[in-house]
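Protein sequences, first through last, are from chains A and B.
Everything in the first sequence is counted per this note's numbering, starting at 1 for the first residue and increasing by one.
Everything in the second sequence is counted per this note's numbering, starting at 1001 for the first residue and increasing by one.
I have placed the structure first, in the form of structure tokens, so that the comments after it can refer back to it.
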Amino acid sequence: MTAISYPLAEHTLANGLRVIVSEDHTVPNVAVNLWVGVGSRHETQGRTGFAHLFEHLMFQGSRNVASGEHFSALMDEGARLNATTWFDRTNYFETVPTGALELALWLEADRHGHLLDAVTQENLDNQRDVVKEEKRQRYDNVPYGSALIDIYATVFPEGHPYHHPTIGSMEDLDAATLEDVHAFFRAHYGPNNTVLTLVGDVTPEEGFAAAETYFGPLPAIELQTRERHPQLPPLSEPVRLDRVGDVPNDRIYVCFRLPVDTTPDYLACQVAVDVLGGLASSRLVRRLVRTDETAVAVGGWTMGLVDGVGLGTITVDVSVGADVEQVEAAVCEEIRRFLDEGPDAAELESVIADTERSWLSALASIEERADHISHHALLTGDPAYVNTFVDRIRAVTADQVRKAGAAWLDPASRAVVRYLADTSKDIDQPDDTASSDKDSEEAA
Amino acid sequence: MTAVTRPVVAPPEPWDFPEGSAHDLPNGLRLLTYDVPGQYVVSVRLGLPVSLRDEPREREGVASIMSRTLDEGTAEHTAEEFARLLERKGVSFGAGMADAGLSLDLDVVKGNLEPALDLLRQILTEPVFPQTEVARQVRTRLAEIEQERSVAAHRAGLEFVRTFYAAEDRSSRPTGGTRETVSSITREDVVAFHAEHVVAAGGTLVVAGDLAGLDVPTIVEAALGGWSRGPRERERYLQHAAALAPDRGRIVLVSRPGSVQTEFVVGAPGPDRSVEGGWAPYPVLGFVLGGSPNARIDAVLREEKGYTYGIRSSFRPRRRGGVFLTSGSVRADSTAESLRLLVEILESGRNGFSDKEIRSGVDFISKTAPGRYATADTIADEAVGMALDGRTTAFTTANLRDLATVDRSRVEAAYARFADEAGIGAGAPGAGWTIVIVGDASAQLEAVEDLGLGDVTVVTDA
Chain A
1 MTAISYPLAE
11 HTLANGLRVI
21 VSEDHTVPNV
31 AVNLWVGVGS
41 RHETQGRTGF
51 AHLFEHLMFQ
61 GSRNVASGEH
71 FSALMDEGAR
81 LNATTWFDRT
91 NYFETVPTGA
101 LELALWLEAD
111 RHGHLLDAVT
121 QENLDNQRDV
131 VKEEKRQRYD
141 NVPYGSALID
151 IYATVFPEGH
161 PYHHPTIGSM
171 EDLDAATLED
181 VHAFFRAHYG
191 PNNTVLTLVG
201 DVTPEEGFAA
211 AETYFGPLPA
221 IELQTRERHP
231 QLPPLSEPVR
241 LDRVGDVPND
251 RIYVCFRLPV
261 DTTPDYLACQ
271 VAVDVLGGLA
281 SSRLVRRLVR
291 TDETAVAVGG
301 WTMGLVDGVG
311 LGTITVDVSV
321 GADVEQVEAA
331 VCEEIRRFLD
341 EGPDAAELES
351 VIADTERSWL
361 SALASIEERA
371 DHISHHALLT
381 GDPAYVNTFV
391 DRIRAVTADQ
401 VRKAGAAWLD
411 PASRAVVRYL
421 ADTSKDIDQP
431 DDTASSDKDS
441 EEAA
Chain B
1001 MTAVTRPVVA
1011 PPEPWDFPEG
1021 SAHDLPNGLR
1031 LLTYDVPGQY
1041 VVSVRLGLPV
1051 SLRDEPRERE
1061 GVASIMSRTL
1071 DEGTAEHTAE
1081 EFARLLERKG
1091 VSFGAGMADA
1101 GLSLDLDVVK
1111 GNLEPALDLL
1121 RQILTEPVFP
1131 QTEVARQVRT
1141 RLAEIEQERS
1151 VAAHRAGLEF
1161 VRTFYAAEDR
1171 SSRPTGGTRE
1181 TVSSITREDV
1191 VAFHAEHVVA
1201 AGGTLVVAGD
1211 LAGLDVPTIV
1221 EAALGGWSRG
1231 PRERERYLQH
1241 AAALAPDRGR
1251 IVLVSRPGSV
1261 QTEFVVGAPG
1271 PDRSVEGGWA
1281 PYPVLGFVLG
1291 GSPNARIDAV
1301 LREEKGYTYG
1311 IRSSFRPRRR
1321 GGVFLTSGSV
1331 RADSTAESLR
1341 LLVEILESGR
1351 NGFSDKEIRS
1361 GVDFISKTAP
1371 GRYATADTIA
1381 DEAVGMALDG
1391 RTTAFTTANL
1401 RDLATVDRSR
1411 VEAAYARFAD
1421 EAGIGAGAPG
1431 AGWTIVIVGD
1441 ASAQLEAVED
1451 LGLGDVTVVT
1461 DA
């Protein structure tokens, strides 16, 4: 076992900006990572997708920076950069050669402090079009592309912050105005709603001083915070959604509400989902892929969230010719058996070893390390989580897994989303031992 | 509030790719080690010069099925047991075929390197390819073929190789085989392919990570010293140049009724790393034309027009010859206009480049190198990629040095060489390109034909 002990130094500027520096001089680069405490969970009905559209506008210029210059000025200095929006936050990041750290902070401070000087209707209209293409590319023009959207809508109740996806509704985006952009910026973008993490070739003293120089002049905003939602209970009965259409094979998503991220019960559920479907040796892989041969692939994953609920999902790609109802019944049977028995020692050992390697792999690059530090500083208040996560997983007992599983992963509280191949188009479908012309690779 | 002055950037120091150490084993395996302090997950990569061209024509895909079944049961363990053994040591393992050869990837925490290499020994030397596991991998591949066909970007890629490469060349067909060839693969085919090709001669094993306190050559010898050399000597890389289709310069439209977006692949033959005038200008060209949101393509198609989320161009070298590819998707009703603009921009290299564009490309590629090669996995991937290309990572460093000298005249000369070889820009617009479009043919065909960029063939998946 490898001891994880990345150094962490934290300092809060007078305006509320939390700055975390993790020194690592192995490469002459610094990862600059900002997490702003606004995501799609803060959006209201009729305004969905706005946090993400706004993130695009952050690249279209600010008081002292021309449209597109954020990208070009940093790339010219050897930066790799981007931004992402998610339920709980918006993230801006670049990895720069050490000598370009101050430029990166200057550019970030300019847009995080003075974006509105440069926002125009033209930029808003253009980026709205770009976001629509992003949605078409990622969701609409891909088989199963809308599965996550359907999962959120099925698992989380109407009106809940996670009921709608971050990409949002295109009708809502059409309705977005410049006034919305101004109001959104003023409500959410300020140093006291932001974490800045620097990882790499910089000392804490240098990092804090540079943060003060560039972000120190930004005023704190009047932050309207609401309490996070109370924990949602598991679903009271199974719910389901079927989509029939042009997909290559039937796919089942068996989903559960989970506790919020980093709680002991969430971690125990994470272990349970790994044992059930997350590893190559998982129970559902053995049962459905190896023994029954009714599935070609099985997956299991959890999504840690903060606003009153998390998400756990088992995915099954159903084999051609297998009965999708029987496959779902087998999933439920295996889950019940697991909740009864709990994990054995070898299963726990596998989860711990896999978690350790994948976590260390994630932290191996300074950019991903910075991202995890920002994540926990902003959302759970504990940036040192990067150093303790594997120990927390290691400390989870079989009994905790069984109990948390019984509470949260009971098949009676599952949500099932199914993407089913439209068989109405297949006339005289031959049995699966024949290779029909219809399925041939050669076309026309 | 007073404005904060824009800071001046101190230029970075010149940088070299990490130095590796080579160690040849008696069985012909070459070990390359890279000690990267602070990288606690060790990345192991094995590259074998196994050619797709060695697959029997009617069994294409056998190399891929073989690679995926390597860890599905050994002399000592069943497939299920072996999966558990890997996981209990926290080993992530994968294997796959590509044009350059067979690659095995293994990542493990430093403390478990020794047991992980023993598992690798079993994978390489003791696989038994159980009938049920081979049959399962065949079924999985058949499902994957359907998946790939249903994803527009994959579908475009399949049609591109079929149009671009000569029909008799292996490169014109899917690496993992077609439904017809994969369906007929048997356990005996897999066993035979493994016995003949998965041998130590000509292999390169890379071990990268924090190696302090580890005697890697001794550990590797203990694990893999007994691996059979095989019946003959083998070069460490494959030499074959793929033959191109004589009629590759045309447009193929794969019909997808109702598509809300149209997927493009636009390609032409490109150079390999041994090209006259040096390789360094080509990544710069790819960057300037389609490598960033400010590149020529996205400046128009994304930032000005809003037709796309992003389109990317790059030169992809093989050991002999290569390809210049541009791909991405656009809003369906902008298909013809986007294609017209795309070809116009790709051909605009004939009119030259600005010093500023070239400076941006050179700076981005050279200054990002230390960060791009900072982790054990990226170092190991580069090292094994170079080995299968008949090079070492000394090329990576030398190329970065040469890149620093690349200017407008070298890039313009490189573009001219590429365009002349490909037949671009001399004749009508569109000449020399292979263009694949996946989208709604009934809605787009006429407008695409009206562009006059070349003959359009419509392909319909039944």
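Built from N, CA and C at the ideal position, the CB exists for glycine as well.
In this text, all values refer to a predicted model and were calculated from it rather than measured experimentally.
Going by DSSP, G1230/B is part of no beta strand (DSSP E) at all; its letter is neither H nor E. Residue environment analysis places N141/A among the buried positions, since at least 16 neighbouring C-beta atoms fall within 10 angstroms of its C-beta.
The Cβ neighbour count for K1356/B, taken over all protein chains shown within 10 Å, is under 16; the residue is labelled exposed. Near chain B, meaning a CB-to-CB distance below 9 Å, no residue of the segment 322-345 of chain A qualifies. The residues L1244, G1321, V1323, E1421 and A1422, in chain order, have a CB closer than 7 Å to that of P1269/B in the same chain once the five nearest residues on each side in sequence are set aside. When Cβ-Cβ separations below 8 Å define contact, A83/A makes no contact with chain B. In chain order, I20, N33, A370, I373 and S374 place their CB closer than 6 Å to the CB of T197/A, counting only its own chain and leaving out the 5 sequence neighbours on each side. Counting only Cβ-Cβ distances below 9 Å, T1434/B has no contacts in chain A at all, with the closest Cβ about 17 Å away.
With a 10 Å radius around the Cβ and a threshold of 16 neighbouring Cβ atoms, P1246/B comes out exposed. Rounded to whole angstroms, the gap between the alpha carbons of C269/A and E341/A is 15 Å. For P1056/B, there is no enclosing beta strand (DSSP E), as DSSP marks it with neither H nor E.
E133/A and S358/A have their C-alpha atoms roughly 33 Å apart.
Only T213 and Y214 from the segment 186-215 of chain A bring a Cβ to less than 7 Å from some Cβ of chain B. A straight-line Cα-Cα distance of about 32 Å links D1035/B and F208/A. In this structure, G1349/B is the residue among R1372/B, T1393/B and G1349/B with its C-alpha nearest to the C-alpha of I1424/B.
Close partners of V1288/B in chain A (Cβ separation under 7 Å) are lacking, with about 12 Å as the shortest Cβ gap. From the listed residues A100/A, L178/A and R418/A, the smallest Cα separation to N123/A is found for L178/A.
In this structure, the CA atom of G278/A is about 39 Å from the CA atom of L223/A. Interface residue (Cβ-Cβ distance to chain A less than 8 Å): D1107/B is classified as such. Restricting attention to V1044/B, D1016/B, E1337/B and G1390/B, the CA atom closest to the CA of D1210/B is found in V1044/B.
A1223/B and P1217/B have their C-alpha atoms some 10 Å from each other. For D1298/B, the closest of L1341/B, D1333/B and E1276/B by C-alpha to C-alpha distance is L1341/B. When the alpha-carbon of V1260/B is set against those of D292/A, L107/A, R138/A and N15/A, the nearest one is in R138/A.
At least one C-beta of chain B is nearer than 8 Å to the C-beta of T26/A. The beta carbons of P28/A and P1370/B sit closer together than 8 Å. Taking all protein chains in view, the Cβ of H164/A is crowded by 16 or more other Cβ atoms within 10 Å, so the residue is classified as buried. Under the DSSP assignment, L1453/B falls outside any alpha helix (DSSP H); it carries neither an H nor an E label. Residue contact check for R1302/B against chain A: a CB pair falls below 8 Å.
Proximity of chain B to R357/A at the Cβ level (cut-off 7 Å) is accounted for by V1041, G1090, S1092, D1107, V1108 and V1109, in chain order. Per DSSP, the unbroken alpha helix (DSSP H) holding V1216/B starts and ends at V1216 to L1224. In the displayed model, G1425/B falls within coil according to three-state DSSP, outside both helix and strand. Residue environment for E333/A: exposed (fewer than 16 other C-beta atoms within 10 angstroms of its C-beta). Taken in chain order, the complete alpha helix (DSSP H) segments of 4 or more residues contained in the segment 1251-1339 of chain B are 1281-1290 and 1296-1301.
At a beta-carbon threshold of 8 Å, none of the residues of chain A lie near T1175/B; the nearest stands roughly 13 Å away. Using a CB distance cut-off of 8 Å, W106/A counts as an interface residue toward chain B. Only those residues of the segment 1252-1284 of chain B whose C-beta falls short of 7 Å from the nearest C-beta of chain A are listed: S1259, V1260 and Q1261.
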